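K.L.:
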Amino acid sequence: MIGWEGMLAKIKERLSYDWNKKVYLILSEGWVYEGYIDTITDVLNEVDGLLEDFYIVTPQFDKFAVYTDDGQCLCIYEK
Numbered sequence: 137m138i139g140w141e142g143m144l145a146k147i148k149e150r151l152s153y154d155w156n157k158k159v160y161l162i163l164s165e166g167w168v169y170e171g172y173i174d175t176i177t178d179v180l181n182e183v184d185g186l187l188e189d190f191y192i193v194t195p196q197f198d199k200f201a202v203y204t205d206d207g208q209c210l211c212i213y214e215k
C-alpha cells in the first residue's frame with residue numbers, strides 16, 4: 137500500500153501532461169474543478185483521504201486517474 141501521499145505522487149507522475157495546461161478534477165459529490173495538476177494534487181493532499189471518489193482527466197480525455205474509497209484503489213488510464 138503506497139498511502140495517500142504516494143498515490144497523489146503517482147498520479148502526477150503517470151498523468152505527465154503539459155504542466156501549463158489545466159486538467160479537470162471531478163468529485164463524486166458532483167463538483168467539477170479546473171486547475172493545474174500540481175495545484176489539484178496539493179489540495180487533495182490536504183484532505184488526506186476524506187473524499188469518497190474522484191477523477192482527474194485531461195481535456196482530451198486521453199489520460200485519467202480514478203480513485204475509489206470503497207476499495208481504496210487507484211486506476212490510471214492512458215490512451
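Every position in the sequence shown, counted from 1, becomes a number in this note's numbering once 136 is added.
Backbone N, C-alpha and C fix where the C-beta goes; we use that ideal spot for every residue, glycine too.
These numbers were taken from a predicted model, which means no experiment stands behind them.
1. Have a look at Asp189 and Cys211 and give me their C-alpha separation to the nearest angstrom.
2. Find out if the Cβ-Cβ distance for the pair Thr194, Leu144 is shorter than 8 Å.
3. Alpha carbon to alpha carbon, what distance is there between Ala201 and Ile147?
4. Could you tell me which of Leu186, Glu149, Glu214 and Phe197 sits nearest to Leu163, measuring between CA atoms?
5. To the nearest whole angstrom, what separates the beta carbons of Asn181 and Glu149, a pair I think is in contact under 8 Å?
6. What residues in its chain sit with their C-beta under 7 Å from that of Asp184, if we drop five residues either side in the sequence?
7. Quick one: using the 10 Å Cβ neighbour count with 16 as the cut-off for buried, is Val168 buried or exposed?
P.N.:
Put simply:
1. Taken atom to atom, the span from the alpha-carbon of Asp189 to that of Cys211 is near 12 Å.
2. Leu144 is positioned such that its CB atom lies no closer than 8 Å to that of Thr194.
3. Rounded to the nearest whole angstrom, the C-alpha separation of Ile147 and Ala201 is 7 Å.
4. Ranked by Cα distance from Leu163, the options Leu186, Glu149, Glu214 and Phe197 are led by Leu186.
5. At roughly 14 Å, the Cβ-Cβ gap does not stay under 8 Å, so Asn181 and Glu149 are not in contact.
6. Contacts found: Trp140.
7. By the neighbour-count rule (16 or more Cβ atoms within 10 Å), Val168 is not buried but exposed.
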